[in-house]
Amino acid sequence: METKTENVEVNALLKEQYLAPDLYEMEKLNEETKTKPYKKEIVWSNVIRYVLLHLAALLGAYQLLFTVKWATFFWTFFYSTLSLLGITAGAHRLWSHRSYKAKLPLRIFLMIANTMAIQNHIIEWSRDHRCHHKWTDTDADPHNVRRGFFFSHIGWLLTKKHPKIKEMGAKLDLSDLYSDPVCMFQKNYYLPMFVFWGIVFPIWVPVAGWGESIFYSFFTAAVFRYIWSLHCTWFINSVAHIFGYKPYDASISPVESVWTDVLALGEGGHNFHHTFPQDYRTSEYGYELNFTKLFIDFMKIIGQAYECKTVSEEIIARQCENKGECPRLIRTKNKEI
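In our numbering, the protein residues as written are 29 to 365.
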């Protein structure tokens, strides 16, 4: 039988984690929202850009299914996986959460992969993500799910940021990112880097490698691949905050979403992740649903990743018993290398 002291220890550990939610500030922000409702302002240039990109991506999807060579089909999804790793293993687990450490070659690889994704440079991405964790579901959360599925999925990129995001984001300590030469190199040369890695290179490989049409290569390997990887990332902000179950903490919006795990390389264990934000695994799912963990564990074997932070089985079990809404049997255990 668990004692009161044991429960206090679990709660203390959760609060001491890096990027644990600031419950006091969250309560203040929610009270302010009740008295000062915010009217969203649409950024029409962004709306037009994303509409055109999605129309082009639909053409790319048709070409992938019926027109292009098989090598182009596989290249498109291979390059999408690389760019997603730049988000999941790079901007997210390494730089935003500091859940593990990486040597220079791995950091450079993840920085390049992150640039392929064209989701802003690492420092900006990490700043927004740290806001999301510190003040989840408040006006300081860039993709606040309380504003609905569409807003948390893509709408937050079609409107002006809430002033609280800038105000609260300025309080975050980003010195670790600004002191990382890899992050600063990407920030300083982001425009030419994303043009090359995000557009030119994925188009050039099919054209030069197996004689694909540059027209087909543009709409598949560049545009469709970009929009596909965006939606795989956006599912984490929308689906993984609405549709699923909560074995670790029933009081928060993030859920366990198996479909998001599949699409986003293991990022769908969101109830686990928001409960234990500094655990590099981000879920207890095995490698079949957590490709990013498989990648990081392989990097550990070859000496590129180290000091991977985890939460003990005992702490997880207590948390599930005290705060979860469903049995742990739903989960699939991690397999360790």
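The C-beta atom is built at its ideal place from N, Cα and C for all residues, glycine as well.
From the options, residue whose alpha carbon lies closest to that of residue i
{"i": "Lys43", "options": "Glu312, His302, His269, Asn172", "result": "His302"}
{"i": "Ile344", "options": "Thr288, Met327, Phe300", "result": "Phe300"}
{"i": "Pro305", "options": "Leu258, Met327, Val339, Glu335", "result": "Val339"}
{"i": "Thr63", "options": "Val75, Asp167, Asn148, Ser127", "result": "Asp167"}
{"i": "Leu86", "options": "Phe105, Trp256, Ile324", "result": "Trp256"}
{"i": "Asn142", "options": "Thr164, Ser285, Pro234, Thr116", "result": "Thr116"}
{"i": "Lys67", "options": "Tyr218, Leu51, His190", "result": "His190"}
{"i": "Cys336", "options": "Cys348, Leu92, Phe323", "result": "Phe323"}
{"i": "Ala48", "options": "Phe106, Phe246, Ser127", "result": "Ser127"}
{"i": "Ser146", "options": "Pro170, Lys162, His171, Gln214", "result": "The sequence given here places Ile at residue 146; Ser does not occur at that position. For the residues Pro170, Lys162, His171, Gln214, the minimum Cα distance to Ile146 belongs to Gln214."}
{"i": "Val283", "options": "Arg158, Glu353, Ile242, Leu83", "result": "Glu353"}
{"i": "Tyr46", "options": "Ser124, Gly226, Tyr90, Thr164", "result": "Ser124"}
{"i": "Leu113", "options": "Ile329, Tyr52, Thr320", "result": "Thr320"}
{"i": "Tyr313", "options": "Leu93, Tyr334, Asp50, Ser285", "result": "Ser285"}
{"i": "Leu219", "options": "Lys97, Ala333, Asn148, Asn58", "result": "Asn148"}
{"i": "Met196", "options": "Glu349, Leu122, Met54, His120", "result": "Met54"}
{"i": "Ala130", "options": "Glu349, Lys351, Glu342, Ile330", "result": "Ile330"}
{"i": "His82", "options": "Phe271, Arg253, Phe326, Pro230", "result": "Arg253"}
{"i": "Val251", "options": "Asn58, Met327, Tyr107, Val71", "result": "Tyr107"}
{"i": "Arg346", "options": "Trp287, Ile264, Pro275, Gly118", "result": "Pro275"}
{"i": "Arg121", "options": "Glu341, Glu342, Asn318", "result": "Asn318"}
{"i": "Thr74", "options": "Lys188, Thr100, Asn172, Leu134", "result": "Here residue 74 turns out to be Asn, not Thr, going by the sequence shown. When only C-alpha atoms are compared, the closest one is Lys188."}
{"i": "Thr231", "options": "Asp165, Tyr90, Thr100", "result": "The amino acid occupying residue 231 in the given sequence is Ile; Thr does not appear at that position. Measuring from the Cα of Ile231, the nearest candidate turns out to be Thr100."}
{"i": "Pro65", "options": "Phe102, Leu57, Trp98", "result": "Leu57"}
{"i": "Leu51", "options": "Ala249, Phe178, Ile280, Ala89", "result": "Ile280"}
{"i": "Met144", "options": "Asp165, Ser154, Ala119, Asp156", "result": "Ala119"}
{"i": "Trp72", "options": "Val96, Leu186, Cys211", "result": "Leu186"}
{"i": "Leu205", "options": "Pro234, Thr248, Arg155", "result": "Arg155"}
As assigned by DSSP and simplified to three states, the class of residue i
{"i": "Glu312", "result": "coil"}
{"i": "Glu295", "result": "coil"}
{"i": "Thr187", "result": "strand"}
{"i": "Ile365", "result": "Residue placement at Ile365 cannot be trusted, given a pLDDT of 45 that sits under 50; the coordinates are not used to answer."}
{"i": "Ile70", "result": "strand"}
{"i": "Ala141", "result": "helix"}
{"i": "Ala249", "result": "helix"}
{"i": "Tyr273", "result": "strand"}
{"i": "Glu353", "result": "coil"}
{"i": "Glu195", "result": "helix"}
{"i": "Glu284", "result": "strand"}
{"i": "Ala48", "result": "coil"}
{"i": "Ile182", "result": "coil"}
{"i": "Glu59", "result": "helix"}
{"i": "Gln347", "result": "helix"}
{"i": "Asp325", "result": "helix"}
{"i": "Tyr107", "result": "helix"}
{"i": "Gln91", "result": "helix"}
{"i": "Phe304", "result": "coil"}
{"i": "Tyr206", "result": "helix"}
{"i": "Trp163", "result": "coil"}
{"i": "Val233", "result": "helix"}
{"i": "Glu240", "result": "coil"}
{"i": "Gln214", "result": "helix"}
{"i": "Ala168", "result": "coil"}
{"i": "Ala85", "result": "helix"}
{"i": "Thr338", "result": "coil"}
{"i": "Met29", "result": "Below a pLDDT of 50, predicted positions are generally treated as unreliable, and Met29, at 49, falls in that range; no measurement from the model is reported."}
{"i": "Lys43", "result": "helix"}
Residue i burial status per 10 Å Cβ neighbour count (16 or more: buried)
{"i": "Phe137", "result": "buried"}
{"i": "Ile140", "result": "buried"}
{"i": "Lys194", "result": "exposed"}
{"i": "Leu132", "result": "exposed"}
{"i": "Lys363", "result": "Per-residue confidence for Lys363 stands at a pLDDT of 45, beneath the threshold of 50, marking its modelled position as unreliable; no derived number is given."}
{"i": "Trp225", "result": "buried"}
{"i": "Lys192", "result": "buried"}
{"i": "Gly176", "result": "exposed"}
{"i": "Pro209", "result": "exposed"}
{"i": "Met29", "result": "At Met29 the pLDDT is 49, less than 50, meaning the model places this residue with poor confidence and gives no usable figure here."}
{"i": "Asp201", "result": "exposed"}
{"i": "Lys351", "result": "buried"}
{"i": "Ile264", "result": "buried"}
{"i": "Ala198", "result": "exposed"}
{"i": "Ala25", "result": "Nothing about residue 25 can be read from this structure; the chain reaches only from 29 to 365."}
{"i": "Asn172", "result": "buried"}
{"i": "Tyr244", "result": "buried"}
{"i": "Ile70", "result": "exposed"}
{"i": "Val267", "result": "buried"}
{"i": "Phe94", "result": "exposed"}
{"i": "Glu349", "result": "exposed"}
beta-carbon residue i near the ligand GTP non-hydrogen atom, thresh 6 angstroms
{"i": "Ser279", "result": "This structure does not include the ligand GTP; it has no bound ligands of any sort."}
For residue i, the residue or residues it bridges with in DSSP
{"i": "Ala130", "result": "Ala333"}
Minimum Cβ-Cβ distance from residue i to chain D less than 7 angstroms
{"i": "Tyr217", "result": "You won't find chain D in this structure, because it holds only one protein chain."}
message: For the pair the segment 308 to 328 and the segment 280 to 297, tell me if three or more CB-CB distances fall below 8 angstroms.
response: Judged by pairs of C-beta atoms under 8 angstroms, the segment 308 to 328 touches the segment 280 to 297, as three or more such pairs exist.
message: I want to know whether the segment 70 to 85 touches the segment 179 to 188 - three or more CB-CB distances under 8 angstroms.
response: The segment 70 to 85 makes contact with the segment 179 to 188: 3 or more CB pairs, one atom from each, lie closer than 8 angstroms.
task: Would you check if there are 3 or more beta carbon pairs closer than 8 angstroms linking the segment 223 to 239 to the segment 149 to 165?
output: At 8 angstroms Cβ cutoff, the stretches do not touch.
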